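Counted the way the numbering used here counts, the sequence shown spans residues -18 to 584.
Worksheet for the structure shown next.
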Amino acid sequence: MIGARTPSGDRIPDDGGPIGLALSGGGVKAAVFHIGVLARLAELDLLRRIDVISGTSGGALIAALYHLRLKRALDADGDVDSDRLIRIVAAVERDFLTAVQTDLGAKLFENPLINLKRMAARHSSASRFADLLHRHLFLPLWSGDRKRPIEMRDLAIHPRGDLAFNPTIDNPMRYCKAPSLIVNAANLDTGRAWRFDVERMGEPAADPTTRRSNKAPLFTENPYRHLPDAHAGLTLGHAVAASMAAPGLLEPLRLRRLYPDPAQPSRRLDVRLVDGRLADALGTDALLERGCGRLIVSDASGFERSPGARTDRAKTLQLEALEAKRPGGVVLIHMLSEIEAPEIKPSGAVGHGHVAKDRFDRDATSYGVERRLQKLIAGMRANLDAPSELEAMSLMADGYLIAKRAFQLQRLRAQSWTDAPSTTAWTWRFAAIIEALRQPPGRLVRHLATAGQASIKAERLTIGEAFGLGLLALVAALTLVALTAFWLAIRPQTGADRLWVATTIGLLMMASWLAGRRFGRDERLGSAAGWMHAAVTWIDKAWTLLTALPLALGARFRHRLSRASLKAGRLKTIGIKLIVTKKQADETVSQQAPAEKAERKAA
């Protein structure tokens, strides 16, 4: 190890101010990218100096995994050195990739009985995803009681069992700091940010200007010990699932009857939580609220559609505000740092439109990735699909190289926070693909181009794009024929049939009206808004009932395609062998507790 350090007995405070790390959203794609960033931070000996980690969506997922492993090490040993932190990041990379390649997105709906549970108000795809995260990612790393879910309030770090440890007071005197974890979501009803940490949850206090511009009630932060039992034990899985609940990807996570209704205090309001990018695009506001003077921002949003397209302007404003508040105190690791948007001319009477080509498209960026390939990496879908080896290793290497370049530029500006360009030499698994990113083979380009498609990615990777489109058209045609046959079968032909249909519709309307008066927010609106709300609820439950089995069948079919696409996306398809050195394998395994190794072997 080059320039290694070990914890010393004398604690010397770091008087440069607290350092915060923000990991942006962007689904599984962002999570994999952030692993490469963490790898470089560990090499630079910066990871041990992080005071607060703020994660949003995919960033929250990686922040939680890293926090669990670090908590396990600090609780047991009290302190860790830089080499141990590198091994922790290597273990996070291995744990995460193994789990997500089981295709958590397909597992959401592959059980029809669990699909039927969504008819109950407390169940949703977000709560189901929380259970999957707990079982496949968080529980294997948990050193506490494995018979109950991991709660947010269980995540406080106690170095060597010190229950009186306070990170705000004690961290400045530590060699390896015990960072605070913040998971960011958004309140769908107010549009404000929602924070989860190890002590409390809720919307952070807003300044008077913000309160005047946003008239929605402020759902204030409260310690878990002051909340009802149903919410005091909120789990890590539910917090991360709420942060990842992007519209169109997961349903909102609902916290039922948590706050009183300002218009009618005897009633209780539900809180619906969605993707944190809708309120705090980068997760940096949470770091500023904690008093961080220096910020490292890993932005893996890339080329995205909704909701990323709507948050680009918000991110720009956030970065401009950060530079104004913390000049020289922000290191931005941005997936699109050296990529410009293309110019497009409209089609019309003169021509058929034109897209201006980048004449530097085949050149490499300053951090060593061909620009054409960088655009494809940034254009990968931000969803829950299982990434192949080619996709995952490209994203990790990309995050690593961009982070390396960002800190090189910081050193050139004489603003470095580190004592040496690098503190260690380490062979990461994703290092095998770094050379291919500079001069990519055609198969890698085609694979990453397919990974950015908006639909039928797995089909295109496994059975060819042409056949995949044909299959989709065939399924759509058969569905249309089936719906038409169903309508012809139930269409009333006689007066008795029409009377039966009218009676059924009338009974359903009466039941909805009664439900609206009983469960509507305001009984005076029972005949209008309450009725409509109840009708929509009944329709949604009926739709859930009808689609429980088809969703399960589709998920199982999707899971098979996913396994085939993972096989098609191995590194060896472009002539690269994924080599793990004996040293790396031994050191990664040596830090796992015997109980964890036994559990993994049994699984």
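Quick reminder that beta carbons are idealized off the backbone N, C-alpha and C, glycines included.
This one's a predicted model, so the numbers in the text were calculated from it and none came from an experiment.
query, result
"Is the closest heavy atom of the ligand SAH to the C-beta of Gln396 under 7 Å?", "As for the ligand SAH, it is missing from this structure, which has no ligand bound."
"Hey, Gln183 and Thr201: beta-carbon distance below 8 Å or not?", "The identity of residue 183 in the sequence shown is Gly, whereas the question assumes Gln. Yes, they are a contact pair."
"Since His219 is in the alpha helix (DSSP H), which residue starts that stretch and which ends it?", "Leu217 to Ser224"
"Closest to Ala12 by C-alpha separation, out of Phe77, Asn92 and Lys548, would be which residue?", "Phe77"
"Check for me: the alpha helix (DSSP H) holding His428 runs from which residue to which?", "Gly423 to Ala432"
"Closer than 7 Å by C-beta to Arg127: which residues in its own chain qualify, once you throw out the five before and the five after it? Chain order, please.", "Leu120"
"Nearest by alpha-carbon distance to Ile31: which of Arg134, Pro153 and Phe146 is it?", "Pro153"
"What do you get for Phe538, buried or exposed, if any count of 16 or more other CB atoms within 10 angstroms of its CB means buried?", "exposed"
"Quick one: Cα of Leu303 to Cα of Leu313, how far?", "10 Å"
"What did DSSP end up calling Phe90 once you bin it into helix, strand or coil?", "coil"
"Give me the Cβ distance between Leu542 and Glu370, rounded to the nearest whole Å; I'm assuming they're in contact under 8 Å.", "Leu542 to Glu370, Cβ: 17 Å. No contact."
"Which of the three DSSP states, helix, strand or coil, is assigned to Ile557?", "coil"
"Answer yes or no: do Gly8 and Ala363 have a C-beta to C-beta separation smaller than 8 Å?", "yes"
"Threshold first: 3 residues or longer. Then list the beta strand (DSSP E) segments lying entirely within the segment 112 to 187, N to C.", "161 to 168, 174 to 177 and 181 to 183"
"What do you get for Asp503, buried or exposed, if any count of 16 or more other CB atoms within 10 angstroms of its CB means buried?", "Because the pLDDT of Asp503 is 41, which lies under 50, any placement of that residue in the model is unreliable, and the number read from its coordinates should be weighed accordingly. Counting Cβ neighbours within 10 Å, Asp503 comes out exposed, since fewer than 16 surround it."
"Does DSSP put Ser282 in a helix, a strand or coil?", "coil"
"Taking the Cβ atom as the reference point for each residue, do Ala223 and Ala107 lie within a distance shorter than 8 Å?", "yes"
"Ordered along the chain, which non-local residues of its own chain (more than five positions away) have a Cβ less than 6 Å from that of Gly349?", "Leu382 and Arg419"
"From Leu94 to Ala262, what distance separates their C-alpha atoms?", "36 Å"
"Expressed to the nearest angstrom, what Euclidean distance is found between the alpha-carbon atoms of Pro246 and Arg181?", "23 Å"
"If I follow the unbroken beta strand (DSSP E) through Ser35, where does it start and stop?", "Ile31 to Thr37"
"By a C-beta neighbour count over all protein chains shown, 10 Å radius and 16 as the cutoff for buried, is Asp251 buried or exposed?", "exposed"
"Hey, Arg275 and Arg253: beta-carbon distance below 8 Å or not?", "no"
"State buried or exposed for Arg410, treating a residue as buried only when at least 16 other CB atoms are found within 10 Å of its CB.", "buried"
"When the Cα atoms are used, what is the spatial distance from Arg498 to Pro198?", "Confidence is the limiting factor: at Arg498 the pLDDT is only 46, short of 50, which leaves the residue's position unreliable and the question unanswerable from this model."
"In three-state terms, what does DSSP make of Glu351?", "strand"
"What separation, rounded to the nearest whole angstrom, lies between the Cα atoms of Leu55 and Val70?", "15 Å"
"Would you call Ala244 buried or exposed, if buried means 16 or more other Cβ atoms sit within 10 Å of its Cβ?", "exposed"
"Note down, in chain order, each residue of its chain lying with its Cβ closer than 6 Å to the Cβ of Ala509, except the 5 sequence neighbours on either side.", "Residue placement at Ala509 is flagged as unreliable, the pLDDT there being 49, under the threshold of 50; the coordinate-derived value follows with that caveat. There are no such residues."
"Is it the case that the Cβ atoms of Ala549 and Asn96 are separated by a distance below 8 Å?", "no"
"Which residue from Glu416, Leu376, Ala413 and Ala23 puts its Cα closest to that of Leu429?", "Leu376"
"In the DSSP output, what is Gly599 paired with across the bridge?", "Residue 599 lies beyond the range of the chain shown here (-18 to 584); nothing can be said about it."
"At which residues does the beta strand (DSSP E) containing Ile414 begin and terminate?", "Taken as a continuous stretch (DSSP letters only), Ile414 belongs to no beta strand (DSSP E), as it is neither H nor E."
"Which residue's Cα is closest to the Cα of Arg134: Asp112, Leu49 and Glu91?", "Leu49"
"By DSSP, does Ile43 sit in helix, in strand, or in coil?", "helix"
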